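Numbering (full-length UniProt numbering), first residue to last: 1 to 114.
What follows is the structure in structure tokens.
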């Protein structure tokens with residue numbers, strides 16, 4: 001199966017590009033064994049894709065960090081190094097570079113002074 005098409009099945013007619021969604025397939029197929037086989041194939045294709053998701057893991061490792069106070073995963077999308085955790089129960093102010101408290105950094109928005 002192609003990426004992003006985990007909930008569809010291609011039309012079996014020659015040169016037909018129509019994709020049929022999962023709900024339609026399940027509604028039209030009457031034989032419980034065929035339904036089970038279809039679900040098994042869809043599930044296996046999803047598991048195979050997840051097994052080799054190293055590209056996503058590499059991106060997460062390179063572009064995210066954990067909040068030093070609550071450990072929620074955060075992403076820096078440009079701007080200065082001053083971060084404020086979006087977790088409603090945390091709201092920690094910290095430096096993206098060193099993950100230390102922001103207060104000692106003063107107005108050093110783009111450089112970590114630690």
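Even for Gly, the Cβ is constructed at its ideal location relative to N, Cα and C.
Everything numeric in this text was worked out from a predicted model, so none of it was measured.
Counting of Cβ neighbours within 10 angstroms places residue 26 among the exposed residues, the total staying below 16. In the three-state reduction of the DSSP assignment, residue 82 falls in the strand class. Per DSSP, residue 22 is not a residue of any beta strand (DSSP E); the alpha helix (DSSP H) it occupies stretches across 22-28. The shortest C-alpha to C-alpha distance from residue 92 to any of 109, 71, 30 is the one to 71. Residue 74 is bridged by DSSP to 65.
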